[in-house]
Amino acid sequence: MIFETHAHYDDKRFEKDRDRLIASLPEQGVAKVINVGADFQGCQDSIALSEQYQYVYAAVGIHPENIEELPGSYEWIRENISHKKVVAVGEIGLDYYWEKDAQKQKEQRAGFIKQLQIAKEASLPVIIHSRDAAADTFEIIKNEAAGRITGVVHCYSYSKEYALEYVKMGYYIGIGGVVTFKNAKKLKETAAAVDLEHILLETDCPYMAPEPYRGKRNDSTLLKYVAEEIAKIKQISVQEVIEQTAHNADKLFLSERRK
Ligand code: NI
Numbered sequence: 002m003i004f005e006t007h008a009h010y011d012d013k014r015f016e017k018d019r020d021r022l023i024a025s026l027p028e029q030g031v032a033k034v035i036n037v038g039a040d041f042q043g044c045q046d047s048i049a050l051s052e053q054y055q056y057v058y059a060a061v062g063i064h065p066e067n068i069e070e071l072p073g074s075y076e077w078i079r080e081n082i083s084h085k086k087v088v089a090v091g092e093i094g095l096d097y098y099w100e101k102d103a104q105k106q107k108e109q110r111a112g113f114i115k116q117l118q119i120a121k122e123a124s125l126p127v128i129i130h131s132r133d134a135a136a137d138t139f140e141i142i143k144n145e146a147a148g149r150i151t152g153v154v155h156c157y158s159y160s161k162e163y164a165l166e167y168v169k170m171g172y173y174i175g176i177g178g179v180v181t182f183k184n185a186k187k188l189k190e191t192a193a194a195v196d197l198e199h200i201l202l203e204t205d206c207p208y209m210a211p212e213p214y215r216g217k218r219n220d221s222t223l224l225k226y227v228a229e230e231i232a233k234i235k236q237i238s239v240q241e242v243i244e245q246t247a248h249n250a251d252k253l254f255l256s257e258r259r260k
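Residue 260, in this note's numbering, is where the sequence shown stops; the numbers in between run on with no holes.
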């Protein structure tokens, strides 16, 4: 059974069929889901979904693009981190693709470090969003978090060399629909280079639908196409990909929580 480690079912694109879709996941081969907050409202919605469904867990954190929301939600996040269904701090990180302003990028770095601190205090893993900010993300993780907290680099988009460095620090590489795209040479190389023991399956739905659904609304049931592609790259069975990645996610998110 699939463990979906990164969904946004609070997104308005699921408004019409959210409950029917989430309720149908177990019968479609998806056993567990982490719904990831990206803004303050998303954090609250993620916890609400985790309370509604036994197999849905929540991550709370403020995405770099929404970092101006952090001062107003910081205390709430710190308090709610102890909720029994909250399994990670995320998604947090840096996004220099959408944010080119140097001062704003500096605010992203400060907000990222502050939220890593929350994860450290709570002994929770982190879900990292990083785009066009490879060096700064790596340096912050290395300085602030290596050896103390672990987590996943979600929607991984950097080189295989960086991926192997993250793995050395105990981090996981989150792989989703992009790996099925014909032009995703770099990510396919990463999927080949990183041991299956350090890979997690994730959609980032409603975004990033895999082939043959590229451009359409994504959901956790389409993770089978991601698993198929990884199996092809690694020349192993799809079942092995699904089982090992689910085991990885259990280890990172569900055993950490019970420490
Ligand atoms: Ni996301």
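Virtual Cβ for every residue (Gly too), placed ideally from N, Cα, C.
For residue i, three-class secondary structure by DSSP
i           : result
residue 152 : strand
residue 251 : helix
residue 142 : helix
residue 86  : coil
residue 173 : strand
residue 5   : strand
residue 259 : Confidence at residue 259 is low in this model, with a pLDDT of 46, below 50, so its placement is unreliable and the value that follows should be read with caution. DSSP places residue 259 in coil when its eight states are reduced to three.
residue 26  : coil
residue 219 : coil
residue 92  : strand
residue 31  : strand
residue 198 : helix
residue 67  : helix
residue 56  : coil
residue 36  : strand
residue 78  : helix
residue 131 : strand
Anticipated Cβ contact below 8 angstroms, residue i with residue j, distance rounded
i           : j           : result
residue 71  : residue 10  : 23 angstroms between Cβ atoms; not a contact.
residue 185 : residue 159 : 13 angstroms between Cβ atoms; not a contact.
residue 254 : residue 56  : So it is not a contact: roughly 13 angstroms between Cβ atoms.
residue 172 : residue 151 : 6 angstroms
residue 37  : residue 7   : 5 angstroms
residue 82  : residue 54  : The Cβ separation is near 20 angstroms, so there is no contact.
residue 128 : residue 39  : That belief does not hold up - the Cβ atoms of residue 128 and residue 39 are roughly 10 angstroms apart, past 8 angstroms.
residue 4   : residue 251 : 7 angstroms
residue 86  : residue 52  : 7 angstroms
residue 130 : residue 93  : 7 angstroms
residue 182 : residue 218 : About 17 angstroms; that fails the 8 angstroms criterion.
residue 138 : residue 95  : 5 angstroms
Selection from the options that minimises the alpha carbon distance to residue i
i           : options            : result
residue 132 : 154, 112, 120      : 154
residue 233 : 17, 180, 220, 213  : 180
residue 225 : 207, 256, 250, 177 : 177
residue 188 : 223, 219, 231, 95  : 231
residue 79  : 53, 105, 125       : 125
residue 13  : 227, 216, 207      : 207
residue 170 : 240, 104, 156, 149 : 149
residue 34  : 40, 25, 65         : 25
residue 91  : 119, 97, 100       : 119
residue 100 : 116, 117, 64       : 64
residue 117 : 104, 146, 67, 228  : 146
residue 21  : 191, 62, 214, 222  : 222
residue 105 : 19, 16, 66, 236    : 66
residue 77  : 89, 88, 62         : 62
residue 156 : 209, 143, 141, 102 : 209
residue 194 : 15, 168, 88        : 168
residue 18  : 220, 191, 256      : 220
residue 190 : 88, 27, 2, 235     : 235
message: I want to know whether the segment 71-84 touches the segment 161-173 - three or more CB-CB distances under 8 angstroms.
response: no
task: Flag this pair as touching only if the segment 188-203 and the segment 242-250 have three or more C-beta atom pairs under 8 angstroms; answer yes or no.
output: yes
field: At least three beta-carbon pairs within less than 8 angstroms, the segment 95-115 to the segment 40-54
entry: no
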